[in-house]
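Peer 1: In this note's numbering, the protein residues as written are -1 to 158. Each residue gets a CB set at the ideal place from its N, CA and C atoms; glycine is no exception. Here it is, the structure, as structure tokens.
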């Protein structure tokens, strides 16, 4: 059982680092989508959700007598910074950024589904409840991106 517990803690740390990465990606995207006010508004909303998710994950990790991984958090932010910077050189950054955000949201969804299964196996209903709330937010963002991708694409192409 301790091996399962160790995996669970490690995966929670990975999720915290993933949310740090998400915040950096969203912050970088937020300033460059001013011409798409609905997208910018949704990104700003999700930045707030992401910060809340980070805090919730940290609380879960600490309740399990552990701590977040500074190295993983920094690595996630560094990767995101590189991703944000690479978008500056793309003419169609808005379209590729939206696709990338959708893919990232679905990676988060898969991670939280995995974490929920582990929490169930461990009998950790408190963490499971938190993870289910985060999963719902990630699904809502993914659904929003998918539903709005055609509109964003057409708006971009109409400007060309």
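#1: For residue 61, does the three-state DSSP call read helix, strand or coil?
#2: If you draw a straight line from the C-alpha of residue 140 to the C-alpha of residue 95, how long is it?
#3: Helix, strand or coil for residue 8 per DSSP?
#4: In this structure, does DSSP put residue 91 in helix, strand or coil?
#5: Do residue 13 and residue 109 have their C-beta atoms within less than 8 Å of each other?
#6: State the start and end residues of the unbroken alpha helix (DSSP H) segment that holds residue 126.
#7: Using three-state DSSP, classify residue 112 as helix, strand or coil.
#8: Thinking C-alpha only, which one of 106, 136, 133 and 58 is nearest residue 124?
#9: Which one of 11, 27, 0 and 15 has the shortest CA to CA distance from residue 93?
#10: How would you label residue 61, buried or exposed, when you count the other beta carbons within 10 angstroms and need 16 or more for buried?
#11: Consult DSSP for residue 31 and reduce its assignment to one of helix, strand or coil.
#12: Would the beta-carbon of residue 120 fall within 8 Å of that of residue 3?
#13: Please report the distance separating the alpha-carbon of residue 78 from that of residue 25.
#14: Could you check the C-alpha separation between residue 31 and residue 38 for me, to the nearest Å?
#15: Using only alpha-carbon positions, find the residue among 51, 149 and 0 that is nearest to residue 106.
#16: Tell me which same chain residues have a C-beta within less than 8 Å of the C-beta of residue 144, skipping the five on either side of it?
Peer 2: Taking the definition as stated:
#1: helix
#2: 13 Å
#3: helix
#4: helix
#5: yes
#6: 123 to 156
#7: helix
#8: 58
#9: 27
#10: exposed
#11: coil
#12: yes
#13: Confidence at residue 78 is low in this model, with a pLDDT of 45, below 50, so its placement is unreliable and no value can be given for it.
#14: 6 Å
#15: 51
#16: 100
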